[in-house]
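Participant:
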Amino acid sequence: MSILEVKNLSVNYAGSNGKNTLALSNVDLIMQPGDFVVALGASGCGKTTLLSCIAGFMQPSEGSISIDGKLVHGPGAERGVVFQKHALMPWLSVVENVEFSLRMRGMGKAERRAIAMDKLKLVELEKYADSPIYQISGGMQQRAGVARALASDPAVMLMDEPLGALDALTRAHIQDLIVDLWWQTQKMFFFITHSVEEALFLATELIVMTPSPGRIAHRFKLDFSKQFVECRDSRAVKSSAAFIEMRETVLSLIHDAPGTHHG
Amino acid sequence: MAKDTVKTVKGYSIPGEGSSVLISVVTVIALFTLWWTATHMGWIRDLFLPTPEKIASAFMAAMRGDIQGGKALPEHLLWSLIRVFSAFFLAVLTAVPVGIAMGVSRTMRGVFDPPIEFYRPLPPLAYLPLIVIWFGIDESAKIILIFLACFAPLAMAARAGVRSVTIEQINAAYSMGASKWQVVWHVITPAALPEILTGMRIAIGFGWTTLVAAEMVAATEGLGQMVLNASNFLRTDIVIMGIIVIGLVAYLFDLLMRKLEQILVPWKGRA
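And the structure:
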């Protein structure tokens, strides 16, 4: 049973003109297996900074991040990351990209190929295993990115607006897929989005962040993803009265937040 | 059918789009005709520009070895190719690691930047005398001269290529457990490969142009030597034939490098 703890996290960016930016201020977060935390907020609210700290790409000014009591220093294979732009290696095929972490670990070819194919099946991409990255669609690239992050069997999946650049239909389809992955693996998911609907659909815990300084302003426990797991009808979930009411609540929180710059 | 009577229109296009091969073929034929006419009509003296037929017969004579020095054209060509390619491969083996090191390390960039940036714009003929003083007049001097001509563009290309990698690709590799060396070898180097290949294309061109200068130094064989030797005897036909051979070989190099690019970096410009 692993646990991820973010304690009193602050990040102060040094500005070039001597003016510093407090991107994150005193953020606390606890995650356990099966938690799907979605960070929602306008640009500049610090959600990507928070993810970068958890991923280990960035050192916080204050506070700590630990997994099972072990402090996080730098990136590691127990935290898989899916990026906004796919960040796959175009010189490798789809399956070679998924194998990357296993190859870095020195795993034999047959063994890592079997694991990679298994992950590709989870994201419905096994038919495209040998395709070059630049010949598959944006949605497939993001699914390959998810499979790649899953390959090292991380405790936490960190996803930085992975569906932001996709069309609405593809996006809805991959949302369903991500919920299924989460439910099957019961891993911890930390997911960033600025789509309220996406946030509500995926999250078991929604954190609404506000800018200047970036902080968590509101938290909600949600179960729309569990409803989807049971009924398998995402449109029904997203058009239910409870969902729409929640959407309006969250929208008004974001719009009325102090320090939010519109446009 | 009514469908066929509808006028076809072109889609969007940028200026200069479309194939220019036909125009190039016409240009070459026109130049050749002008050459033929000018020489046969006696507009230009034979010493300055011989007729195309004389160039052709000079080529046949050179193939037989029936020229000054007694060596056949293939032998001259082979020597030139050996010099250029040994220098080029030596440059690839050294310049690419140096360029990548300059791209990923502040220290290495600080160390290598001044010498490379200083000698890079120098014409090889300017430092040729120094190389002769240091290394003598045998093969090593020639290869070193061509090596230096190839080294700078290759190192610059590899260094610039390092920038093709995105920070997300590097972060992704780290979060998949890669070490710093693994990131350099498995992420940064392949990402730099398209630029490295472009650098190789430029470098082989530089090497080939430096060849004639290198073969000015006490060579008894090589295309550059053949041309220089022929000019001493005012054999304009062999000079022009030699120039055409040098040009065609350079063109073949370029075709080869472009083919290599298609095979090795099919993702170039698409990811």
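Just so you know, the sequences run in chain order H and W. Using our numbering, read the first sequence as starting at 1 and increasing by one per residue. Using our numbering, read the second sequence as starting at 1001 and increasing by one per residue. We put the beta carbon where it would ideally sit given N, CA and C, even for glycine.
From the beta carbon of Ser317 of chain H, is the nearest beta carbon of chain W less than 8 Å away?
Facilitator: Since the first residue shown for chain H is 1 and the last is 263, residue 317 of chain H is missing from the structure and cannot be characterised.
Participant: Quick one, are the C-beta atoms of Met157 of chain H and Ala165 of chain H less than 8 Å apart?
Facilitator: As a first step, residue 157 of chain H is located in the first sequence; it is residue number 157 there, counting from the start. As a first step, residue 165 of chain H is located in the first sequence; it is residue number 165 there, counting from the start. Against a cut-off of 8 Å, the Cβ pair of Ala165 of chain H and Met157 of chain H comes out as no contact.
Participant: Which whole runs of the alpha helix (DSSP H) in the stretch 1095 to 1145 of chain W are 4 residues long or more, in chain order?
Facilitator: 1106 to 1119 and 1124 to 1135
Participant: Please name the residue, chosen from H:Ser234, H:Ala155 and H:Tyr134, that lies closest to Asp180 of chain H on a Cα-to-Cα basis.
Facilitator: Within the first sequence, residue 180 of chain H is the residue found at index 180, counting from 1. Minimum Cα distance to Asp180 of chain H is reached at H:Ser234.
Participant: Give me the chain W residues within the contact set of Val235 of chain H, using Cβ-Cβ distance strictly less than 9 Å, ordered along the chain.
Facilitator: Indexing the first sequence from 1 puts residue 235 of chain H at position 235. Reading off the sequence, residue 235 of chain H comes out as Arg, not Val. Against Arg235 of chain H, chain W offers no close residue; the least beta-carbon distance is about 33 Å (beta-carbon pairs closer than 9 Å).
Participant: If we cut at 8 Å on Cβ distances, does Ala87 of chain H have a partner in chain W?
Facilitator: Translated into positions along the first sequence, residue 87 of chain H becomes position 87. So, interface residue.
Participant: Determine whether the Cβ of Arg247 of chain H lies closer than 8 Å to any Cβ atom of chain W.
Facilitator: Sequence index remark: in the first sequence, residue 247 of chain H carries index 247 (1-based). No, because no Cβ of chain W sits closer than 8 Å to the Cβ of Arg247 of chain H.
Participant: Return the chain-ordered list of same chain residues with a C-beta closer than 7 Å to the C-beta of His262 of chain H, the five sequence neighbours on each side being excluded.
Facilitator: Taking the first sequence and counting its residues from 1, one reaches residue 262 of chain H at position 262. Any answer about His262 of chain H is weak, because its pLDDT of 49 lies below 50 and its placement is not dependable; what the coordinates show is given next. Result list for His262 of chain H: empty, nothing under 7 Å.
Participant: Would Glu1261 of chain W count as contacting chain A if we go by Cβ distances under 8 Å?
Facilitator: Any reference to chain A falls outside this structure, whose protein chains are H and W.
Participant: Using 10 angstroms around the beta-carbon of His1040 of chain W, count the other beta-carbons present and answer buried if the total reaches 16, otherwise exposed.
Facilitator: Within the second sequence, the letter at position 40 stands for residue 1040 of chain W. Exposed is the call here.
Participant: If you draw a straight line from the C-alpha of Val81 of chain H to the C-alpha of Arg215 of chain H, how long is it?
Facilitator: Along the first sequence, one-based indexing puts residue 81 of chain H at 81. Along the first sequence, one-based indexing puts residue 215 of chain H at 215. Taking the CA atoms as reference points, Val81 of chain H sits about 22 Å from Arg215 of chain H.
Participant: Just how far apart, CA to CA, sit Gln186 of chain H and Leu1093 of chain W?
Facilitator: Stepping through the first sequence from its first residue, residue 186 of chain H is reached at position 186. Stepping through the second sequence from its first residue, residue 1093 of chain W is reached at position 93. When rounded, the distance between both Cα atoms is 49 Å.
Participant: Residues of the stretch 1175 to 1186 of chain W in Cβ contact with chain H at a cutoff of 8 Å, in chain order, please.
Facilitator: Ser1175, Met1176, Gly1177, Ala1178, Ser1179, Gln1182 and His1186
Participant: Roughly how many angstroms lie between the CA atoms of Ile1244 of chain W and Leu1049 of chain W, to the nearest whole one?
Facilitator: By one-based count along the second sequence, residue 1244 of chain W stands at place 244. By one-based count along the second sequence, residue 1049 of chain W stands at place 49. One C-alpha to the other measures close to 13 Å.
Participant: Ends of the beta strand (DSSP E) at Leu9 of chain H?
Facilitator: To locate residue 9 of chain H, count along the first sequence from 1; it is residue 9. Run containing Leu9 of chain H: Leu4 to Tyr13, per the beta strand (DSSP E) assignment.
Participant: By Cβ distance, which residues of its chain are closer than 6 Å to Phe1059 of chain W, with the 5 residues on each side in sequence left out?
Facilitator: Taking the second sequence and counting its residues from 1, the one referred to as residue 1059 of chain W is at position 59. Met1241, listed in sequence order.
Participant: Throw me the rounded Cβ distance for the Asn97 of chain H and Ile133 of chain H pair, which I believe falls under 8 Å.
Facilitator: Sequence index remark: in the first sequence, residue 97 of chain H carries index 97 (1-based). Sequence index remark: in the first sequence, residue 133 of chain H carries index 133 (1-based). Yes, Asn97 of chain H and Ile133 of chain H are in contact; Cβ-Cβ is about 7 Å, under 8 Å.
Participant: Out of H:Asn12, H:Gly138, H:Ala155 and H:Met246, state which residue places its alpha-carbon closest to the alpha-carbon of Pro162 of chain H.
Facilitator: Numbered from its first residue, the first sequence carries residue 162 of chain H at position 162. If we check each option's Cα against that of Pro162 of chain H, H:Gly138 comes out closest.
Participant: What would DSSP say about Asp256 of chain H, mapped onto helix, strand or coil?
Facilitator: Numbered from 1 along the first sequence, position 256 holds the residue referred to as residue 256 of chain H. Reduced to three states, the DSSP call for Asp256 of chain H is helix.
Participant: State yes or no: is the beta carbon of Ala1172 of chain W nearer than 8 Å to at least one beta carbon in chain H?
Facilitator: What you label residue 1172 of chain W is simply residue 172 of the second sequence in a count that begins at 1. Yes, contact with chain H.
Participant: What do you reckon, are the CB atoms on Ile178 of chain H and Leu202 of chain H nearer than 8 Å?
Facilitator: Numbered from 1 along the first sequence, position 178 holds the residue referred to as residue 178 of chain H. Numbered from 1 along the first sequence, position 202 holds the residue referred to as residue 202 of chain H. Yes.
Participant: To the nearest angstrom, how far is the alpha carbon of Val72 of chain H from that of Glu1261 of chain W?
Facilitator: One-based indexing of the first sequence puts residue 72 of chain H at position 72. One-based indexing of the second sequence puts residue 1261 of chain W at position 261. In this structure, the straight-line span from the alpha carbon of Val72 of chain H to that of Glu1261 of chain W is close to 42 Å.
Participant: At least one CB of chain W closer than 8 Å to the CB of Tyr134 of chain H: is that the case?
Facilitator: What you label residue 134 of chain H is simply residue 134 of the first sequence in a count that begins at 1. It does; some Cβ of chain W falls within 8 Å.
Participant: Where do the ends of the beta strand (DSSP E) carrying Lys19 of chain H lie?
Facilitator: As a first step, residue 19 of chain H must be located in the first sequence, where it is residue number 19. No beta strand (DSSP E) contains Lys19 of chain H, which DSSP labels as neither H nor E.
Participant: Residues in its own chain within less than 8 Å of Thr1189 of chain W by CB, not counting five upstream and five downstream?
Facilitator: Here the question's residue 1189 of chain W lines up with position 189 in the second sequence. The residues are Ile1100.
Participant: Consult DSSP for Lys295 of chain H and reduce its assignment to one of helix, strand or coil.
Facilitator: Because chain H is modelled from 1 through 263, residue 295 of chain H falls outside the range shown and cannot be assessed.
Participant: What does the Cβ neighbour count give for Gln175 of chain H, buried or exposed, with the cut at 16 atoms within 10 Å?
Facilitator: Numbered from its first residue, the first sequence carries residue 175 of chain H at position 175. When all chains shown are included, Gln175 of chain H counts as buried.
Participant: With distances taken from CA atoms, which of W:Pro1052, W:Gly1222 and W:Ala1178 is nearest Glu99 of chain H?
Facilitator: Locating residue 99 of chain H in the first sequence gives position 99, counting from the first residue. Taking only the C-alpha atoms, the option nearest Glu99 of chain H is W:Ala1178.
Participant: Given 8 Å as the limit, is there contact between the stretch 9 to 20 of chain H and the stretch 47 to 56 of chain H, that is, 3 or more CB pairs closer than that?
Facilitator: yes
Participant: Quick one, which of W:Asn1232, W:Leu1211 and W:Met1257 has its alpha-carbon nearest Arg1201 of chain W's?
Facilitator: Along the second sequence, read from residue 1 onward, the residue named residue 1201 of chain W stands at position 201. Comparing Cα-Cα distances from Arg1201 of chain W to each of W:Asn1232, W:Leu1211 and W:Met1257, the minimum goes to W:Met1257.
Participant: Beta-carbon of Gly164 of chain H versus every beta-carbon of chain W: anything under 8 Å?
Facilitator: In the first sequence, counting from the first residue as 1, residue 164 of chain H sits at position 164. No, its Cβ sits nowhere closer than 8 Å to a Cβ of chain W.
Participant: Can you find a C-beta in chain W that's less than 8 Å from the C-beta of Pro75 of chain H?
Facilitator: For the purposes of this step, residue 75 of chain H is taken as the residue at position 75 of the first sequence. Yes, its Cβ sits closer than 8 Å to a Cβ of chain W.
Participant: Of the residues W:Ile1131, W:Gly1199 and W:Leu1252, which one's Cα is nearest the Cα of Phe1088 of chain W?
Facilitator: Mapped onto the second sequence, residue 1088 of chain W falls at position 88. It is W:Gly1199.
Participant: With a cut-off of 8 Å, does the C-beta of Glu1053 of chain W fall near any C-beta of chain H?
Facilitator: Taking the second sequence and counting its residues from 1, the one referred to as residue 1053 of chain W is at position 53. By this cut-off, Glu1053 of chain W is not an interface position.
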